[in-house]
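A short write-up of the structure that comes next.
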Amino acid sequence: MKPINLKQKHAEFSAQWHPHQIAIVDDMQVLLAKIQGEFVWHAHENEDELFQVIKGTLYMQFRDRTEVVNEGEIIVVPKGVEHNPKTKNGEEVQVLLFEKLSTAHTGNVQHEKTQTHYPKI
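Below, the structure written as structure tokens:
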């Protein structure tokens with residue numbers, strides 16, 4: 001039961017598209033990630049996913065539109081909705097993710113960016 005400094009935690013790693021777990025809340029996990037470029041189209045069939053932009057601008061692509069998520073904003077991707085997060089112009093974006101412990105990184109898609117273990121920091 002101590003405060004967690006997000007800026008300090010983000011400084012502990014440099015890997016992109018590799019979330020790091022900073023807390024567990026019941027059956028949910030709080031993750032930090034650094035992202036740059038485009039991820040991979042995927043969906044989480046049974047879990048919602050919350051993204052909070054800590055630094056930079058996230059472009060959350062959906063099949064029918066792209067939502068711009070600015071620093072200090074959140075976006076919730078409902079279960080079953082195909083999505084693909086990306087950044088533009090080489091910007092590295094820092095995000096906080098809130099999702100169930102059972103959430104697979106890239107849903108049922110296997111890709112070179114897929115992670116199966118999130119380091120705890």
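Residues in the sequence shown are numbered consecutively from 1, following full-length UniProt numbering. Backbone N, C-alpha and C define an ideal beta-carbon position, used for all residues, glycine too.
Asked: Residue environment, F62, which counts as buried when at least 16 other CB atoms sit within 10 Å; Found: exposed
Asked: Identity of the residue in E38, F13, Q115, L96 nearest A104 by Cα; Found: Q115
Asked: Presumed contact (8 Å Cβ cut-off) between Q29 and Q21, rounded CB distance; Found: 5 Å
Asked: Among D27, I74, E91, nearest to residue 146 - alpha-carbon criterion; Found: A query on residue 146 cannot be resolved here, the shown segment of the chain reaching from 1 to 121 and no further.
Asked: Closest residue to V77 among M60, N89, N70, T87 (Cα-Cα distance); Found: M60
Asked: Coarse secondary structure for Q29, derived from DSSP in three states; Found: strand
Asked: Through-space distance from L50 to I74, alpha-carbon basis; Found: 7 Å
Asked: Where K88 sits in the DSSP three-state scheme; Found: coil
Asked: N70 and T57 closer than 9 Å at C-beta; Found: yes
Asked: Beta-carbon proximity check, I24 vs V93, cutoff 9 Å; Found: no
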